[in-house]
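Counting in the working numbering, the sequence shown tops out at residue 491, every number present.
Just so you know, even glycine gets a beta-carbon here, dropped at the ideal spot from N, CA and C.
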Amino acid sequence: MTEVNRKIHVIGINSYKFEDLSSKLQNLFLGTENIAVPNSYLEEIKSWCEDSSSKKKSFFSSKSNKELFNWLRSQKTDVILISRGDPLWFGIGRLLLENFSKDELSFYPSNSCIQLAFSKLKIPWQDAVNVSIHGRDSTKLVEALKARPSSLAIITDSNNKSLEIIRKNLSELNLIEFYDFWLCEEIGFENENIRKLNLKGSLPTNISNLNIAVLIKTKKHYSNNNNLPLFGIRDHIFKTFDDRPNLLTKREVRVQILADLELPKNGVIWDIGAGCGSIGLEAIKLRPDLDLLCIDKRIGSKKLILENSKRLGVKPKYIFEEDIINTLNTRNLSSFEKPNRLIIGGCDKNTKLRIINKLAQGMSIGDIVVIPIIDIQIIKELKKELEDKNFKTNLNLIQTYKSLSIAEGMRLEPNNPIFLLKGKK
């Protein structure tokens with residue numbers, strides 16, 4: 067391989083002040099003739115040469131395109147390329163590494179805009195999720211939002227209405243009230259402006275093109291919410307597991323399950339594999355005289371169900387944080403009222419069969435079992451087991467799509483398909 071004799075020095079900056087550079091970088095700048103600078107702040111960098119004894123400078127106005135790379139290849143001596151923040155963090159560094167050898171490149175990163183933003187907000191950022199929608203669609207943003215991170219930093223694009231897209235995505239995912247929205251403009255520069263926006267209102271019109279958004283999970287405390295709808299409570303109302311925020315029966319599926327249960331005015335409902343309790347709790351919100359028994363083996367599930375009970379203003383009769391197999395083997399089931407409505411979710415095929423065999427056969431005429439299923443392979447056996455216990459069965463496939471905004475308009479995002487097996491005695 068031919069030895070590379072000249073270097074491309076890529077310098078990240080966080081201000082337009084020459085004195086903010088380290089003495090090493092000041093000397094490098096003063097001693098280098100050919101310098102590429104983004105055209106948006108070329109004049110500010112040119113001013114660094116005033117009243118200095120530096121070499122004569124030749125500036126190239128950069129647009130981070132093929133012309134820049136051709137110019138860099140044409141240079142026979144060392145050159146400087148000015149960039150913002152850290153060139154290797156959603157910056158030009160990746161493209162440079164794709165077009166030049168590592169031996170040709172030297173990087174001198176400054177603090178990234180995200181690092182500066184979190185320092186200004188005085189919030190730890192080690193767990194922050196970083197997403198760029200600069201020159202990209204919002205696919206990665208939607209994926210990140212669905213995971214509900216505690217903090218999310220978004221590099222925006224002034225050319226594709228990024229802030230409006232972020233707001234729409236938050237609204238479409240029912241996360242408007244889940245996050246505080248901070249707009250950070252010209253972070254680290256002279257005209258720095260940081261403000262918290264109310265996304266329910268209109269976005270301000272005087273926004274700098276140089277901006278990033280930071281979303282921080284709110285500290286909002288829910289209490290008995292009298293404004294909840296009678297039916298079809300939105301997913302964001304329910305508190306879920308922090309490490310598994312999507313471990314929740316989605317609203318569209320939950321509505322169908324509740325409809326299939328044909329909830330009576332009185333009776334007993336068992337919610338097995340209850341998770342955060344969304345199905346059973348909404349059931350007793352609809353029918354306050356029903357007795358609810360929730361069972362889930364995940365550590366912390368009882369605390370979640372109790373919290374969501376407060377949010378909905380309801381009260382389960384029993385909550386067991388244990389494996390249903392342990393419940394069936396060790397508890398005196400005769401001390402509990404038999405279920406009139408039974409939901410079986412969150413366990414494997416053999417456990418589901420065991421539950422049906424143990425509980426369903428004692429259910430009365432008109433009682434109902436509903437089983438959400440994601441594995442099509444187990445449907446036949448579960449259906450047969452219910453029919454052997456004198457249940458009439460039917461099967462529905464629930465497949466829904468949610469509209470999500472992107473730069474070009476809108477796309478439909480599919481939710482995972484769910485089979486609902488219903489048995490009525």
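query	result
Can Glu-479 and Leu-487 be called in contact, C-beta distance under 8 Å?	no
How far does the beta strand (DSSP E) with Ser-494 in it extend, from its first residue to its last?	Because the chain here runs from 67 to 491, residue 494 falls outside it and cannot be looked at.
Assuming Gly-343 contacts Leu-370 (C-beta within less than 8 Å), just tell me the rounded distance between them.	7 Å
CB Ile-242 to CB Ile-232, shorter than 8 Å?	no
Throw me the rounded Cβ distance for the Leu-359 and Tyr-384 pair, which I believe falls under 8 Å.	4 Å
Going by Cα to Cα distance, which pick from Arg-300, Ser-172, Val-145 is closest to Ile-345?	Arg-300
Per DSSP, what kind of secondary structure is Asn-225 in: helix, strand or coil?	coil
Please report the distance separating the alpha-carbon of Asn-131 from that of Arg-477.	30 Å
How would you call Arg-397, buried or exposed, if buried means at least 16 neighbouring beta carbons within 10 angstroms?	exposed
DSSP state of His-302, grouped into three classes?	helix
Which residue from Leu-96, Lys-129, Lys-491 puts its Cα closest to that of Ser-113?	Leu-96
Rank Lys-123, Leu-276, Lys-424, Ile-361 by C-alpha distance to the C-alpha of His-200 and give the top, closest one.	Leu-276
Report yes or no: do the stretch 259 to 274 and the stretch 234 to 250 share at least 3 C-beta pairs separated by less than 8 Å?	yes
In three-state DSSP terms, what is Asn-80?	coil
Taking only three categories from DSSP, how would you classify Ile-158?	coil
Which one of Ser-178, Ser-367, Glu-373, Ile-444 has the shortest CA to CA distance from Lys-418?	Ile-444
What runs of the alpha helix (DSSP H), each 4 residues or longer, lie entirely inside the stretch 343 to 388?	344 to 352, 367 to 378
Which runs of the alpha helix (DSSP H) fall wholly inside the stretch 166 to 199 and span at least 4 residues, in chain order?	179 to 187
Please look up how many angstroms separate the CB atoms of Val-103 and Ile-74, rounded, as I've assumed it's under 8 Å.	About 14 Å separates the two Cβ atoms, so there is no contact after all.
For a test of the three-state rule: what should DSSP assign to Ile-253, helix, strand or coil?	coil
Contact defined as beta carbons within less than 8 Å: I believe Ala-473 pairs with Asp-203. What is the distance between those atoms, to the nearest angstrom?	6 Å
If you measure between the beta carbons of Val-321 and Gly-298, is that distance less than 8 Å?	yes
Whole angstroms is fine: what's the gap from Ile-303's alpha carbon to Leu-378's?	9 Å
For Glu-85, name the three-state secondary structure that DSSP assigns.	helix
Can you tell which of Ser-268, Asn-177, Phe-244 has its C-alpha closest to the C-alpha of Lys-285?	Phe-244
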